[in-house]
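Residue numbers (the numbering used here): 165 to 355. Virtual Cβ for every residue (Gly too), placed ideally from N, Cα, C.
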C-alpha cells in the first residue's frame, strides 16, 4: 500500500469526478469519498468547497491525506478508518465518489455495501465510481467484485444514469505494473 500511496500522492482528481462536479448545479454540499487512498479526489472536493468524509481501511492512507490537506480545509474534512465490509452506516452525502475502490470490496459483502451507499446518498445526489468488468486482468485472480454490463445496469434501475462508459485497454497500474484494464465508469443521480 505504501508504494500505491507514494505513486498517487499529489495526483490530480480522477476525470470521472471532475465530470460529475461539472454536472452539479447546486452549491457544494457534503461528499463521501470511498476508498480515498492518498486523497487525490478528497483534496479536489475540498478545494471546490465541499465538506468531505474520506473513508479508507488503511490508516496510512488517511495519515497521508491529513498531511496533504491545507489548513484552511481541515475543518471540512473528516477521516473515517473503515473497511467496506464494516456494517456501520455511512454518513448522508450529496455526492458519493468511489474511484477505483468498489472492486476491492469482497464479493460477499458488496450487496450490503451497495445498500448502505444507496441509503446514504441524498435525493438528487450524485454517485460517481468505477466497477471492474469480467475481462479485467484481476478478475478471477483476486477476491474482487466484478460486474457485467447487465448486472451493473440493474444496480442503477431506479436511478437516473447520467454517464455510463465501458473502457478496455492495456496499461499500467499506479505503481507501474502492466495490466489489462476492463471497467465501467458510472455517474448516476439518485431519484
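Residue burial classification, residue i (beta-carbon count within 10 angstroms, cutoff 16)
i           : result
residue 339 : exposed
residue 354 : buried
residue 249 : exposed
residue 189 : exposed
residue 199 : buried
residue 334 : exposed
Whole-angstrom distance between residue j and residue i, CA atom to CA atom
i           : j           : result
residue 218 : residue 321 : 27 Å
residue 237 : residue 191 : 17 Å
residue 227 : residue 210 : 16 Å
residue 194 : residue 242 : 11 Å
residue 306 : residue 233 : 33 Å
residue 207 : residue 275 : 29 Å
residue 224 : residue 174 : 15 Å
residue 215 : residue 176 : 18 Å
residue 270 : residue 328 : 23 Å
Nearest-angstrom beta carbon gap, residue j and residue i [assumed within contact, 8 Å]
i           : j           : result
residue 303 : residue 284 : With a Cβ gap of about 27 Å, residue 303 and residue 284 do not count as contacting.
residue 348 : residue 316 : 6 Å
residue 352 : residue 326 : 6 Å
residue 259 : residue 280 : In fact, because the Cβ distance is near 16 Å, the residues do not count as touching under 8 Å.
- Between the segment 277 to 296 and the segment 260 to 267, do at least 3 Cβ pairs fall closer than 8 Å? yes
- Stretch pair the segment 330 to 347 + the segment 282 to 290: three plus CB contacts closer than 8 Å: no
- Message: Quick check on the DSSP output: what are the complete alpha helix (DSSP H) runs of length 4 or more inside the segment 213 to 239, in order along the chain?
- Response: Within the segment 213 to 239, the runs of alpha helix (DSSP H) that reach at least 4 residues and sit entirely inside it are, in chain order, 223 to 232.
- Those runs of the beta strand (DSSP E) which lie wholly inside the segment 251 to 304 and span at least 3 residues: 257 to 262 and 285 to 296
- Query: Which full runs of the beta strand (DSSP E) of 3+ residues lie inside the segment 319 to 343, going along the chain?
  - Reply: 323 to 336
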